[in-house]
Amino acid sequence: MKRHFCDWNSGNPVDPRVKAAMQPFFDAEFGNPSSPHAEGRAARRAVEQARTHVASLAGVETRDVVFTSGATESNHLAVTTFGAGRVLFSAVEHPCMVAACETRVGSARIPVTATGDVDLAAFERSIGDGVGGCAVMAANNETGVRLSLEEVGRRCAVVGIPLHVDAAQVPGRVPFEWPEGATTASLSAHKMAGPKGVGALIVRPGGKVVPLFRGGSQERDRRAGTENVPAIVGFGEACRIAKEEAPVRARHLARLEAVFLEALRAEAPGFFVHAAEAGRLPGCLSMRFPGISGEGFVMALDLAGVAVGLGSACSSGASKPSPVLAAMGIGKLENLETVRWSFGYTQSEADMVDIARRVGGVVRRIGAS
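Following my numbering, the numbering of the sequence shown begins with 12 at its first residue and continues without gaps.
Right under this line is the structure:
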């Protein structure tokens, strides 16, 4: 039985072109990029070429790119660029961003609307004296909702407060544009068909990073430690591909979502999509079937050959309500009935029809039990 992976927001299979780019740096090109000899210089050239690809994707200069181990580290590093004072962060941020912001005394959540977007009126009331920085993600990892960064960034720029944007979910799905008013942004390779364990913090001029690690002078003294050359090369290649193919992927993912929902209405019509009318990333759905436990549904679908997620992948397996859905005003029962679907660019319309058929079978079995 063919398995269908419908949890692409948690991670992507590595693109074959990315693997091919990485391969030489596991054996023949093994040099340390900080070494002065020929092998070291070859590794340094590879790292800087990758930095060029990341910068091109983000629309920034190469000096703005700091390689990290992924979005979690990038988000924590971003908080070091904030000024003194409390930190504001949206109530739907990823758990790693929440944890990073809560290291600051007096940090506070910015409420969101019922569709999961920033409550701009509440944001206006919160921002002002005593705020050292603000964090608002580009798109939510559970619902796919794209937040109103333009308005948030404009206001932060007016009052001179740094804005950090967790943009991990965007590249590889839709074209990425630098958020207006943002000082920093985080990216993660495994969300765009690159390897796990590598990402970047983009720091625009004026952003002062306080290193989390001490030691060498790598990354312009912003992130000590020998660079993971194979992973960085893979990340760079993933960024190059994501920039080139984003428009096509966005259209394809939107089509997959439409085909899936149409087929699902025929197979199991009693579902509900959270924030259905909001601006969302294509191919990302937060969905529930009334009366069916999300946790039980995930297990039953897994047995049927369909992999879906429960909330953030970093906290999946925990049978408790999603803070993201709770912030949107969704009740506990409806919250616990919700599962996360996210499709990928390698999947087909025929896959969507087959997935819907299997979902329908699971819904009927659970309903009959």
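For every residue, glycine included, the Cβ atom is placed at its ideal position computed from N, Cα and C.
Closest by C-alpha distance to Asn346, out of Phe224, Arg74, Lys331, Leu312, is Lys331. Contact annotation, Val220 with Phe246: C-beta distance approximately 19 Å; criterion of less than 8 Å not satisfied.
Phe283 sits exposed, since fewer than 16 C-beta atoms from the chains shown fall within 10 Å of its C-beta. Collapsing the DSSP output to three states places Cys250 in a helix. For Ala31, the enclosing alpha helix (DSSP H) covers residues 27-33. Per the C-alpha coordinates, the member of His15, Ser85, Val244 positioned closest to Pro35 is Val244. A straight line joining the alpha-carbon of Arg52 with that of Leu272 spans about 52 Å.
Judged by beta-carbon spacing, Val364 lies beyond the 7 Å limit of Glu153, meaning their Cβ atoms are not closer than that value. Nearest Cα to Thr63 within the set Gly307, Arg55, Thr73: Thr73. With contacts defined as CB atoms closer than 7 Å, Ala149 and Pro122 fail to qualify as a contacting pair. Put simply, the backbone Cα of Gly192 is about 19 Å away from that of Ala95. Excluding the 5 residues flanking it on each side, Ala125 has same chain C-beta neighbours closer than 7 Å at Met339, Gly340, in chain order. For Cys295, the uninterrupted beta strand (DSSP E) run begins and ends at 295-299, by DSSP. Of the candidates Arg231, Ala168, Gly127, Gly127 places its Cα closest to the Cα of Arg157.
Under DSSP, Ser101 takes part in a beta bridge, and its partners are Ile121.
For secondary structure counted as the alpha helix (DSSP H) over 4 or more consecutive residues, the region 218-249 holds these complete runs in sequence order: 229-232. Beta-carbon to beta-carbon, Ala261 and Phe187 are separated by about 11 Å, too far to satisfy the 8 Å threshold. Between Pro190 and Gly164 a beta carbon distance of about 5 Å is seen, short of the 8 Å cut, so the two are scored as contacting. Going by C-alpha positions, Glu230 is about 23 Å away from Ala253. Looking at the DSSP output, Val317 sits in a beta bridge with His15. By the Cβ-count criterion, Val350 is buried, with 16 or more other Cβ atoms from all chains shown falling within 10 Å of its own Cβ. Between Ser85 and Thr91, the C-beta spacing is not below 7 Å.
Judged by DSSP secondary structure, Val170 falls within the alpha helix (DSSP H) whose first and last residues are 160-170.
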